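Peer 1:
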Amino acid sequence: MTSAPLPRVRPRRLRETPAMRRLVSETRLDPAELVLPIFVREGVSAPVPIASMPGVVQHSLESLPEAVADAAAAGIGGVMLFGVPEHRDARGSGATDPDGILNVATRVAVEASAGRLLVQTDLCLDEFTDHGHCGVLDDRGHVDNDATLVRYSAMALEQARSGSELLGLSGMMDGQVAAVRAALDDQDFTEVAILAYSAKYASAYYGPFRDAVESTLEGDRRSYQLDPGNRREGLREALIDIEEGADIVMVKPAGSYLDVLADVAAASEVPVWAYQVSGEYAMIEAAAAHGWIDRKRAVIESVRGIRRAGADVVLTYWAAELAGWIRNGDLA
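Number 448 marks the last residue of the sequence shown (my numbering); no jumps.
(1) DSSP on Arg157, reduced to helix/strand/coil?
(2) With DSSP collapsed to three states, give me the class of Trp389.
(3) In three-state DSSP terms, what is Met289?
(4) Candidates Gly216, Ala183 and Pro170: which alpha carbon is nearest Gly194's?
(5) Contact check, Gly395 vs Pro344 under 8 Å by CB: the rounded distance?
(6) Helix, strand or coil for Val140 per DSSP?
(7) Looking only at C-alpha atoms, which of Glu149, Val376, Glu401 and Ile154 sits nearest to Val224?
(8) Using a Cβ-Cβ cutoff of less than 7 Å, which residues in the same chain neighbour Ala436 once the five nearest sequence positions on both sides are dropped?
(9) To the nearest angstrom, how far is it from the Cα of Tyr373 to the Cα of Pro121?
(10) Quick check: the stretch 307-327 against the stretch 345-357, are there 3 or more CB pairs under 8 Å?
(11) Report the rounded CA-to-CA distance for Gly291 versus Gln341, giving the unit in angstroms.
(12) Using a Cβ-Cβ cut-off of 7 Å (strictly less than) and excluding sequence neighbours within five positions of Val329, which residues of its own chain qualify?
(13) Name the one or two DSSP bridge partners that Leu253 has.
(14) What's the C-alpha gap between Arg424 and Val367?
(15) What is the residue span of the beta strand (DSSP E) that Val111 lies within?
(16) According to DSSP, simplified to helix, strand and coil, what is Ala148?
(17) Tell me the DSSP secondary structure of Ala230 in three-state form.
(18) Any idea if Pro134 is buried or exposed, counting beta-carbon neighbours within 10 angstroms, 16 or more meaning buried?
Structure follows, in structure tokens:
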């Protein structure tokens, strides 16, 4: 009996050693491609742990400078600030108050960063409204798209005055990019960039985030966030935002929408980012705490998968920790 011929093509040659695997890796991670979301809470003097997000806190204005300095020292690309106000109303007045928590936090973060990383701000009303929706409501209790654009424009100007270099438009209102760009340009904030949360889905993975910002939402946001079953619509939204002047477009969440992310990355002429959201973070942390998965390997694999699908930058709550592993060459 003749034996089968030995294989001539052996792909395993390129997997044999750590040095070889590192040399031929198709997807690399760099600290500069990571952004750390940071929550800043009004009325507290010390960080407050978030129970559903182990290791993540609501910072005080006093603890924020150190958090920003640590992020800069880690070499990450930026921080995205979210405000948690003490008082809320129907219009989200705190969002446009120069002394509102997010605007004050922005000024604090800009000073602490000293240009070492990009200070970015979330531009949405949900943290500031007493009803928890991302816009103002009409007489029927529905989100009024066009009235909300007026509030977003005012919010954009206040964030720009506070020093934000990149505005994260996350409200999913039609025309929000065009409205904000026009408002900024009209007031000579032409240098302030816009990150459009273009393909933001009505996801179950936002639960811990709502704890983090102490959301008052009753009901859901399905009338303005995307249906999780719709792939083409995610690409369509991104292309509309690019046409309206977005400098960067976003897919959110990341892990369950890698197909949408790949579609957008293939078609976009501007950078494409992805947000590894609170639920994605919490699931890995919970499984690791039970000993069910290797925490470090799962974190690295999850972020690498998002980058592999086409994200130029990833917003992740592990940004600073992951940056440390990358710097130390500890990604095995």
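Just so it is clear, CB atoms sit at the ideal spot from N, CA and C, and this is done for glycine as well. All of these numbers come straight from a predicted model, not from anything done at the bench.
Peer 2: According to the data block:
(1) Here Arg157 sits in strand by DSSP.
(2) strand
(3) coil
(4) Residue nearest to Gly194 within the set Gly216, Ala183 and Pro170 is Ala183 (criterion: CA-CA distance).
(5) Going by Cβ atoms, the distance from Gly395 to Pro344 rounds to 13 Å, so no, they are not a contact pair.
(6) coil
(7) Ile154
(8) Leu152, Asp186, Ala187, Ala190 and Ile192
(9) 43 Å
(10) yes
(11) 14 Å
(12) Phe155, Phe198, Val200 and Glu243
(13) Val259
(14) 14 Å
(15) The requested residue 111 is not part of the displayed model; the chain covers only 117 to 448.
(16) In this structure, Ala148 counts as helix in the three-state DSSP scheme.
(17) coil
(18) exposed
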